[in-house]
Amino acid sequence: MLAYFTGIDILEKERIKRLQSLLENKEQRVVIVAHTNPDGDAIGSSLGFYGYLQQKGFSKVDVIAPNKYASFLHWMPGNNDVRIATDDPENTLKIIAQADMIICLDFNGFGRAEQLEKPLLESTAFKVMIDHHPDPENGFDLVLSDTSVSSTAELVYRCITDMGDEALITKEIAECLYAGIVTDTGSFSFACNNPATYEVVARLIEKGVDGAYLHRLIYSTYTENRMRLLGYSLSEKLQVIPEAQTAFISLTKKDLERFHHNEGDTEGLVNYALDIRDIRLAALFMEKEDHVKVSLRSVGKLDVNRLARNYYQGGGHVNAAGGKSFLTMNDTLEAFIALVKKGFE
Ligand SMILES: [Mn+2]
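The sequence shown runs 67 to 411 under this note's numbering.
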């Protein structure tokens, strides 16, 4: 039996029961939604839950991603069924409007689905949130939120198990959930100092997951251009502010074009800046069409979720967050440097 994994606490048990009874009607139309710029946990938990509903006997389930995502996630079982909202906006809106139940995974406010925010709000479907980000927003009919878990994928495993359906988890579902946990913990290097996470992972391995194989599918996927962009970013575009224990990388549109940048090529890049000794805050600034995308990472108690909320109209976790700046790249960097030098805490 599970030694550390004791299931969701009493308060949550009522909610699990609620979800369980809601899932008794297999004829209803269910829509699973991931957040914009979906990461490994968003896609992994969405496809894991999708597989689970299929195993349970649901036949009208759609999975929607607001926009395209990186190709290193395309191996996941069920990936070909994911609808990309930006590819087919009309049908996406129809599906959301006709849904009986909407399950939002790995985000906790409709705004994180960007252009789908309004349709989601307007839909009369029963709305479920399963997530691990801090400060869940109102507007959901059922909230399963736990900020202590490594990932939404771990939470999905727990929900399925608590509903008594562990036996329905196939190898394919396990692979999706494993991918979510691996990517959200930086391959078990943060947000997982909890025996329960490893116990869930042990169960997924029992289901037939080949960790080494999946690791290569996820991480050993660089194109030559992506590898050279990484080298260029570190040697030419990295700035260090030792007195503020801060390091950051900035990439203009021209930089990105030079390396024929593809979606996902800068995934994980910000973490390199954090690997410098004594650096506690790392940032990546990327020039987009009408804004600068900001990714923030920190170590320890330094709260980049707050930094992202207060200065970059975004959010995330204490040690990993993101947002946007609508200043020019130069002004964005100047403001950032001033901010970290004066100390924003
Ligand atoms: Mn996550």
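The beta carbon of each residue, even a glycine, is placed where N, CA and C say it ideally should be.
Query: Beta-carbon contacts of residue 189 that lie in its chain and below 7 Å, excluding the five residues immediately before and after; Result: 162, 163, 165, 168
Query: C-beta contact flag for residue 249 and residue 216 at 7 Å; Result: no
Query: Burial state of residue 299 (16 or more Cβ within 10 Å); Result: buried
Query: Cβ neighbours of residue 417 in the same chain (closer than 7 Å, five flanking residues each side left out); Result: An answer regarding residue 417 cannot be provided, because it is not within the stretch 67 to 411 covered by the chain.
Query: Residue of 136, 90, 87 minimising C-alpha distance to residue 289; Result: 136
Query: As assigned by DSSP and simplified to three states, the class of residue 332; Result: coil
Query: Residue 207 versus residue 94 - alpha carbon distance; Result: 16 Å
Query: At least three beta-carbon pairs within less than 8 Å, the region 361-380 to the region 333-342; Result: yes
Query: Same chain, Cβ closer than 6 Å to residue 384, neighbours up to 5 away in sequence not counted; Result: 369, 371
Query: Buried versus exposed, by CB contacts within 10 Å (16 or more), residue 293; Result: exposed
Query: Boundaries (first-last residue) of the alpha helix (DSSP H) holding residue 384; Result: Where residue 384 is concerned, there is no enclosing alpha helix (DSSP H), given that its DSSP letter is neither H nor E.
Query: For residue 314: DSSP bridge partner residues; Result: 305, 349
Query: Sub-7 Å separation of residue 129 and residue 116 beta-carbons; Result: yes
Query: Best match in 374, 392, 373 for proximity to residue 358 [C-alpha to C-alpha]; Result: 392
Query: Under 7 Å between C-beta atoms of residue 195 and residue 86; Result: no
Query: Per DSSP, cross-strand counterpart(s) of residue 150; Result: 131
Query: Continuous alpha helix (DSSP H) assignments of at least 4 residues falling wholly in the region 139-207; Result: 155-164, 183-188
Query: Residue closest to residue 243, alpha-carbon to alpha-carbon, out of 317, 113, 389; Result: 113
Query: Span separating the alpha-carbon of residue 329 from that of residue 134; Result: 8 Å
Query: Closest Cα partner of residue 387 within the set 394, 396, 377, 395; Result: 377
Query: Opening and closing residue of the alpha helix (DSSP H) in which residue 215 lies; Result: No alpha helix (DSSP H) holds residue 215; DSSP gives it neither H nor E.
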